[in-house]
Amino acid sequence: MSSTNNALILVARILLSFIFITAGFGKLADPSGTAGMITGAGLPAATPLAYLAGAFELVAGLFVLVGFQTKLTGFALAAFCIFTGAVFHSGTIAVPGWPEAALGWLNTLNQIMMMKNFTLAGAYLLLATVGAGAYSLDARRGVKPALA
Numbered sequence: 000m001s002s003t004n005n006a007l008i009l010v011a012r013i014l015l016s017f018i019f020i021t022a023g024f025g026k027l028a029d030p031s032g033t034a035g036m037i038t039g040a041g042l043p044a045a046t047p048l049a050y051l052a053g054a055f056e057l058v059a060g061l062f063v064l065v066g067f068q069t070k071l072t073g074f075a076l077a078a079f080c081i082f083t084g085a086v087f088h089s090g091t092i093a094v095p096g097w098p099e100a101a102l103g104w105l106n107t108l109n110q111i112m113m114m115k116n117f118t119l120a121g122a123y124l125l126l127a128t129v130g131a132g133a134y135s136l137d138a139r140r141g142v143k144p145a146l147a
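Following numbering that gives the first Met the number 0, the numbering of the sequence shown begins with 0 at its first residue and continues without gaps.
Written as C-alpha cells, this is what we have:
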C-alpha cells in the first residue's frame with residue numbers, strides 16, 4: 000500500500016475516532032441523558048448501561064485512533080451503530096406539551112441521526128476490511144489487513 004493511502008487511512012481513523020472518544024467521555028462524565036434514552040427505549044438498568052456504553056465508545060474510539068485490534072473494533076462499532084440507530088433513532092419523538100414545530104424538528108434530527116449511524120457502520124466495516132494501515136499499532140504488531 001502506498002504511503003499516500005496509509006496517510007489517508009490514518010486521517011480516516013482520526014476522523015472516525017473523534018465521535019466515539021468525545022461521546023464516550025461525555026457519557027462517563029454525565030450518563031443521565033443516555034440513561035434517559037435507554038429508559039425511553041424500554042431497556043432495563045439504564046444507568047449501568049449508559050456507563051457501559053460510554054466505556055465501550057471511549058475505548059473503541061481510542062482503539063480506532065491508534066489502530067489497535069482494528070478488525071474486531073471495526074465490526075463491533077458497525078454493530079453498535081446499527082443497533083443504536085435502529086433502537087434509539089428509528090421512531091418518532093413525542094414530548095408532551097411541546098409545540099408541533101419543535102417536535103417536527105426533533106423527528107427530522109432523529110432521522111438524520113439514524114442515517115448517520117448507518118453511514119458510520121459502513122465506514123467501520125470498510126475500516127475492518129481494509130485495516131488500520133502502516134501508521135498503526137496493528138502494523139507494528141505485524142497484523143496484515145484482509146485486503147493485503
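The beta-carbon is built from N, C-alpha and C at its ideal position, and this holds for glycine as well.
Alpha helix (DSSP H) containing methionine 114: first to last residue? Methionine 114 -> alpha helix (DSSP H) spans 99-129.
Residues of its chain near isoleucine 81, where Cβ-Cβ distance is below 6 Å and the 5 sequence neighbours each way are ignored: Around isoleucine 81: Ala120.
For methionine 114, the nearest candidate out of Pro47, Val86 and Gly66 (CA to CA): For methionine 114, the nearest C-alpha among the options comes from Val86.
Using C-beta distances below 6 Å, list every residue in its chain close to valine 142, excluding the 5 sequence neighbours before and after it, in chain order. Only residues of its own chain outside the window of five on either side were considered, and among them none has a CB closer than 6 Å to the CB of valine 142.
Does the stretch 123-140 come into contact with the stretch 8-24, if we say contact requires no fewer than three beta-carbon pairs (one atom in each stretch) closer than 8 Å? Yes, the stretch 123-140 is in contact with the stretch 8-24.
Using only alpha-carbon positions, find the residue among Thr3, Gly25 and Ile18 that is nearest to leucine 51. If you compare the alpha carbons of Thr3, Gly25 and Ile18 with that of leucine 51, the shortest gap goes to Gly25.
Hey, would you say aspartate 23 sits closer than 8 Å to glycine 53, going by beta carbons? It should be noted that the sequence gives glycine, not aspartate, for residue 23. Remark: C-beta atoms of glycine 23 and glycine 53 approach each other more closely than 8 Å.
Own chain residues within Cβ distance below 7 Å of leucine 105, not counting five before or after: Taking C-beta separations shorter than 7 Å and ignoring five residues to either side along the sequence, the partners of leucine 105 in its chain run Ile92, following chain order.
By the 10 Å Cβ neighbour count, where 16 or more other Cβ atoms means buried, how is aspartate 137 classified, buried or exposed? In the assembly as shown, aspartate 137 is a buried residue. Its beta-carbon has 16 or more other beta-carbons within 10 Å.
Give the DSSP-derived three-state secondary structure of aspartate 29 in the structure shown. Coil, per DSSP.
Who are the near neighbours of valine 58 in its chain, counting only those whose CB is closer than 8 Å to its CB and skipping five residues on each side? If we look at valine 58 and ignore the five residues flanking it on each side, its Cβ neighbours are Gly23.
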